[in-house]
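Asks: Chains as they are written, first to last, in this note's numbering: chain A, 31 to 156; chain B, 22 to 292.
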């Protein structure tokens, strides 16, 4: 086992990733909730369900990013997207951590989990 | 969708979040029937809501459990290979099945959960003997309750994988976390101590749920407003529930809500 990286460091990273993901997602959702309290009519005008491929573009920090943050529906979608990405990030961190620990068996196992998740995204987008 | 229904979903999520934490099961077994039976939300959407909600509660609880070293990340990753495959298949099947079929399967699941809860009241929380010999999957954590380090070796990994596959399948099909079968199985069959089994099962739920969440998303079943109201409600509810669960005697509550589960089971089957 490598001295540079150990299980405790992996645990701290995994724990922080999960916490940040939950916080970020709830902030988006609560913001959406706040905006819809101020403008209840927006809830009755749903936006079109963005396709999976469009969903990621919601996070793109372009010129329209802040105008998106004023629409409750897009804020809700952003919250959901962040929540769905959180466990995926957690798996990626596990892969990186096991690699740094030179624990090959668990690098392979974690990559298998990631591949199954990627497969499910692929199955959903065809 | 009105602000009105947003509040109903949020408060329902809050109450079932508390219940889930108090009873030591995911809130989904109460929350999904609540959405279907009382708010008339189509069952596919209700299940999708359950799936996204358990990602939130699982991640929130896991961030604490991992830091306290109760979670066995290696064991979790191994079993996730099976839970995610199960969840993908469950998600695909759910979107092929009709609403009334899903509702009946959900009702049957509620009967099973009620039975497992009665069994737990009668037998109490069992615990596996911790063994210290060599194996490729081991674990250790410090248990503050007995002020000792607990070391264990995971046994019967293939059986653990099989049950994890089933739990993942249930998660993808019905939107629950599946801890209710994973925890006793990991404890009884794989000799994982209760604290580690609970934490590791919870750890796996987020990744498992994500494996079917995209399938529900693609079938347009993840409603942004319903899901967000549910996530906020369930998250706060389970935070409150975790805080008060140490102070409440679980036995009586478990008995009462086992009866509630049986009633919900009948209602879901008749629907």
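Backbone N, C-alpha and C fix where the C-beta goes; we use that ideal spot for every residue, glycine too.
As the structure is a prediction and not an experimental result, all values here were calculated from the model.
1) For the beta strand (DSSP E) containing residue 206/B, name the first residue and the last one.
2) For residue 116/B and residue 50/B, what's the separation of their Cα atoms in angstroms?
3) Okay, do the stretch 47-64 of chain A and the stretch 249-263 of chain B touch, 3+ Cβ pairs below 8 Å being the bar?
4) Just tell me which of 282/B, 246/B, 25/B has its CA closest to the CA of residue 106/A.
5) Indicate the three-state DSSP secondary structure (helix, strand or coil) for residue 81/A in the structure shown.
6) Roughly how many whole angstroms lie between the Cα atoms of residue 93/A and residue 65/A?
7) Just to confirm my understanding: we take residue 85/A, look at its own chain, exclude 5 residues before and 5 after, and list those with CB closer than 6 Å. What are they?
8) Using the DSSP secondary-structure output, state which residues sit across from residue 173/B in a beta bridge.
9) Using the Cα positions of residue 32/A and residue 207/B, report the straight-line distance between them to the nearest angstrom.
10) Exposed or buried, which one is residue 39/A when buried takes at least 16 other CB atoms within 10 Å?
11) Give a yes or no on whether 7 Å exceeds the smallest Cβ distance from residue 31/A to chain B.
12) For residue 127/B, which residues of its own chain have a beta-carbon under 6 Å away from its beta-carbon, when the five flanking residues on both sides are left out?
13) Please check if any C-beta of chain A sits within less than 7 Å of the C-beta of residue 291/B.
14) Using a cut-off of 8 Å between C-beta atoms, extract the partners of residue 131/A located in chain B.
15) Just to check my reading of the structure: residue 232/B and residue 148/A have Cβ atoms closer than 8 Å, yes? What is that Cβ distance to the nearest angstrom?
16) Have a look at residue 96/B and residue 123/B and give me their C-alpha separation to the nearest angstrom.
17) Going along the stretch 109-120 of chain B in order, which residues come within less than 9 Å of chain A, judged by CB to CB distance?
18) In this structure, does DSSP put residue 168/B in helix, strand or coil?
19) Please check if any C-beta of chain B sits within less than 7 Å of the C-beta of residue 119/A.
20) Quick one: grab the DSSP three-state call for residue 140/A.
21) May I ask which residues mark the beginning and end of the alpha helix (DSSP H) holding residue 102/A?
22) Kindly list, in the order they appear in chain A, the residues whose Cβ is closer than 7 Å to that of residue 245/B.
23) Check whether the Cβ atoms of residue 258/B and residue 29/B lie closer than 7 Å to each other.
Replies: Judging by the given coordinates:
1) Segment 200-209 is the alpha helix (DSSP H) holding residue 206/B; no beta strand (DSSP E) there.
2) 19 Å
3) yes
4) The residue with the shortest Cα to Cα distance from residue 106/A is 246/B.
5) coil
6) 20 Å
7) Cβ within range, chain order: 111.
8) 160/B
9) Any answer about residue 32/A is weak, because its pLDDT of 48 lies below 50 and its placement is not dependable; what the coordinates show is given next. Roughly 30 Å between the two C-alpha positions.
10) exposed
11) Bear in mind that the predicted position of residue 31/A carries a pLDDT of just 47, short of 50, making it unreliable; the figure below should be weighed with that in mind. It does not: the Cβ of residue 31/A has no partner Cβ on chain B nearer than 7 Å.
12) 195, 289
13) no
14) Result: empty, since nearest Cβ-Cβ is about 11 Å, beyond 8 Å.
15) Residue 232/B to residue 148/A, Cβ: 10 Å. No contact.
16) 31 Å
17) 109, 112, 113
18) coil
19) no
20) helix
21) 102-130
22) Neighbours of residue 245/B on chain A, chain order: 103, 106, 107, 110.
23) no
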